[in-house]
Each structure stands twice: as structure tokens, then as C-alpha cells.
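Numbering (our numbering) for the first sequence: 122 to 401.
Have a look at the structure below before the remarks.
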Amino acid sequence: MSMIRVATWNVNSLKVRLPHLLQWLKLCDENQQSIDIIGLQELKITDDKFPTKELEQAGFYSLPLGQKTYNGVALLVRKSSLAQLHQDPETAFLQVQKNIPNFIDEQQRLIVSTIHLKETPPIRIICGYFPNGQSPESDKFAYKIRWLTALKKYLATQLQQYPRLLLMGDFNIAPEDQDVHDPKAWVGQNLVSPEERAFFSQFQELGLVDSFRLFDQEPKSFSWWDYRMMGFRRNAGMRIDHVMVSQELKERCTSCKVDKVPRKWEQPSDHAPVILSFTK
DNA sequence: ATGGCCGCGCGTCGCGGA
Numbered sequence: 122m123s124m125i126r127v128a129t130w131n132v133n134s135l136k137v138r139l140p141h142l143l144q145w146l147k148l149c150d151e152n153q154q155s156i157d158i159i160g161l162q163e164l165k166i167t168d169d170k171f172p173t174k175e176l177e178q179a180g181f182y183s184l185p186l187g188q189k190t191y192n193g194v195a196l197l198v199r200k201s202s203l204a205q206l207h208q209d210p211e212t213a214f215l216q217v218q219k220n221i222p223n224f225i226d227e228q229q230r231l232i233v234s235t236i237h238l239k240e241t242p243p244i245r246i247i248c249g250y251f252p253n254g255q256s257p258e259s260d261k262f263a264y265k266i267r268w269l270t271a272l273k274k275y276l277a278t279q280l281q282q283y284p285r286l287l288l289m290g291d292f293n294i295a296p297e298d299q300d301v302h303d304p305k306a307w308v309g310q311n312l313v314s315p316e317e318r319a320f321f322s323q324f325q326e327l328g329l330v331d332s333f334r335l336f337d338q339e340p341k342s343f344s345w346w347d348y349r350m351m352g353f354r355r356n357a358g359m360r361i362d363h364v365m366v367s368q369e370l371k372e373r374c375t376s377c378k379v380d381k382v383p384r385k386w387e388q389p390s391d392h393a394p395v396i397l398s399f400t401k
């Protein structure tokens, strides 16, 4: 009954948050809740500045896709969790895809790879930093819709190919009103619009499951809190970071949790990590 | 009370974030 743990975390600048990331990974280890695979978003650094060495010293291989100032995503995998034949930076990440195929994009928002962990079939991991969308009238929203449309198409083909598929990241979509601290105040805004939520439903129709809702959760569970207005202290947040899994993985899930601990630290990211556990 | 906080860049304010 050996466990795999996958986490997603929007770190809001890896340069600033590397100490938190390392601290958090260590804390998980100490609690016997070691993370095997991590998807990061909002790196805000180019690949030449990615802390490959520090993360390798912490026991992880990295697959970054960064850019200056904005966006940027990465996958990390624990070296010791990899199948023997893949315990090498060259073979840790297989069948890598950077950004959505056939979708021309300046913004670095999607990283995909197949990962072979010990004693379990390979897992297809998709890590995304979905566009924010600003407001439904904006050009940025139109871009978000185009991005989501392209992603949906890609997911459909990936699900045909990979029975063990996991899609995680900062979706910038609160799927339901229970994922919003004050649904009335958010009516008509991005993150909650019917158009964005329809994409989330369509991902579910493709066979992906919101793993968080497979389990009992505290009411008002969120993954992001605004820095302003004492958002975290008032628990005025949103649940916009998600881990979706294919049917074959769904059967194996044992828990999905938001870890609010690092949100309480000094100079935190505005997002908390979400951790999914499933059996091998 | 419609703001308030962060991180970034050729920067000392404006933009983007959600």
C-alpha cells in the first residue's frame, strides 16, 4: 500500500520563494509525507536562472519552462522515487512537451512529461499556469478562452494515449460557488464566469476528476488568498489550484489536501500547495 | 470604504496578478 504524493504550487516568483519551497519539502519529509512529484507555477525567471543545483541537492531533478518576469512552470521529481532505469537527469523526464501543441504562445504556461516511478506504471503529468483573464471584457480573457480551447483539445488526445494522466496547476478557475469566499461579490468576474466554468465541466466530461472533491473537506477550503485586505486572516480566498486525474488514477486516490502551513510563513506566496496522494 | 499587497523591471511608478 505504498503511496505516491503529487503537489502543485504557484510560488509567485521562484527566486523569492526558493527558501520556502526547500523548507516545505523538508517539512513534508519530516512528517513522513514526502512529495514525489511537484508542479510549480509563476516562476518569473528564465531557465538560466533556475535553481537546478539547489533542487538537486535537495533530492529533485527539474524540468523548467521559464520566461522573464511573468509566468513560467516546472516539474520536479524526487530522484530516489524514480524507477532505477530513470534515475538520471537525462531519463527522469520522458516524452516532454513544452506548451500546448499547435498553439502559438509567447507565454510559458504548460509543461508535460511522462514519469516512471518505482513499482508503478508510468504517469503522464501535465502542469499548467492557466491565464488569469483579467475581466470578461478584456483581450486577456479572449486569450484565456483560446488557451483553454487549445488545452481541451490537447487533453482529449492525451487521455486516449495515457490511461494514468494527471492535470495540475493554477487553473485560475473556481469551479463552483463553494470555492469562492463571497460568491455574490464575484458575480460577473473572471475566475468564476460561466464560460470559464464550462471548460472545467468539459474537462470532467473528458473523464478528468477534481480529486479534491473525492474527499470530505472543510467548508470554505481555498488555495489562494489575496495579499490585500488581510485575505488569509479572514479566509477570504478562492479554490483555483487543482489536481485533476483520469479514471484509472481516481480509483487509487486516498487523499487531497490544501497545505495552508507555508501561507502562514513570512513573505509567503499568495497560493498554498495542494497535495494529492494515491496508491501505486 | 472599490483601497489596502506583492514581484518585477533598466525601475523610483506602472503593470500584472486574482
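Heads up, the beta-carbon is just placed ideally off N, CA and C, and yes, glycines get one too.
Quick test of your reading: S367 and L329, contact by CB under 8 Å. State the CB separation rounded to the nearest angstrom. Translated into positions along the first sequence, residue 367 becomes position 246. Translated into positions along the first sequence, residue 329 becomes position 208. Contact between S367 and L329 holds: CB atoms are separated by about 6 Å, below the 8 Å threshold.
Quick one: grab the DSSP three-state call for L276. Position 155 of the first sequence, counting from 1, holds the residue named residue 276. It is helical.
Is I236 closer than 8 Å to P242 when the C-beta atoms are compared? Against the first sequence, residue 242 aligns to sequence position 121. Against the first sequence, residue 236 aligns to sequence position 115. One thing to note: P242 has its Cβ no nearer than 8 Å to the Cβ of I236.
Enumerate in chain order the residues of its own chain whose CB-to-CB distance from W145 is below 6 Å, with the five nearest sequence positions on each side excluded. Taking the first residue of the first sequence as position 1, residue 145 is located at position 24. Correct list, in chain order: P383.
Have a look at G187, P172 and L186 and flag the residue whose alpha-carbon is nearest the alpha-carbon of G180. Working through the first sequence from its first residue, we reach residue 180 at position 59. Nearest option by C-alpha distance: P172.
Can you tell me where the beta strand (DSSP E) holding S118 begins and where it ends? As displayed, the chain neither begins before 122 nor continues past 401, which places residue 118 out of reach and without an answer.
Taking the beta carbon of P389 as the centre, do at least 16 other beta carbons fall within 10 Å, making it buried, or is it exposed? In the first sequence, counting from the first residue as 1, residue 389 sits at position 268. Burial call: buried.
Based on Cα-Cα distance, which residue from L272, F333, P315 and L176 lies nearest to L397? Mapped onto the first sequence, residue 397 falls at position 276. Ranking L272, F333, P315 and L176 by Cα distance to L397 puts F333 first.
Relative to the alpha-carbon of F353, which residue among E316, G309 and H302 has its alpha-carbon at the smallest distance? The residue you call residue 353 lines up with position 232 of the first sequence. Checked all of E316, G309 and H302; the closest Cα to F353 is H302.
Reference N311; option with closest CA among L327, Q325, Y264 and L287: Here residue 311 refers to the residue found at position 190 when the first sequence is read from its first residue. For N311, the nearest C-alpha among the options comes from Y264.
At least three beta-carbon pairs within less than 8 Å, the region 259-279 to the region 157-177: By the Cβ rule, the region 259-279 does not count as touching the region 157-177, because fewer than three pairs are nearer than 8 Å.
Please return the same chain residues whose Cβ sits closer than 6 Å to the Cβ of A357, not counting the five positions on each side in sequence. Here residue 357 refers to the residue found at position 236 when the first sequence is read from its first residue. Excluding residues within five positions, the ones whose Cβ falls inside 6 Å are H302.
If contact is defined by three or more beta carbon pairs under 8 Å, each pair taking one atom from either stretch, is the region 192-204 in contact with the region 217-236? Contact between the region 217-236 and the region 192-204 is present, with at least three C-beta pairs closer than 8 Å.
For W345, I'd like the list of residues in its chain whose CB is within less than 7 Å of its CB, leaving aside the five on either flank, ordered along the chain. For the purposes of this step, residue 345 is taken as residue 224 along the first sequence, with counting starting at 1. So the qualifying residues of the chain are G358, M359, I361, D362, D391 and H392.
Round the Cβ separation of P284 and E372 to the nearest angstrom and send it over; I've been treating them as touching at under 8 Å. What you label residue 284 is simply residue 163 of the first sequence in a count that begins at 1. What you label residue 372 is simply residue 251 of the first sequence in a count that begins at 1. With a Cβ gap of about 11 Å, P284 and E372 do not count as contacting.
Alpha carbon to alpha carbon, how far is K378 from M351? Sequence index remark: in the first sequence, residue 378 carries index 257 (1-based). Sequence index remark: in the first sequence, residue 351 carries index 230 (1-based). K378 and M351: Cα-Cα distance of roughly 23 Å.
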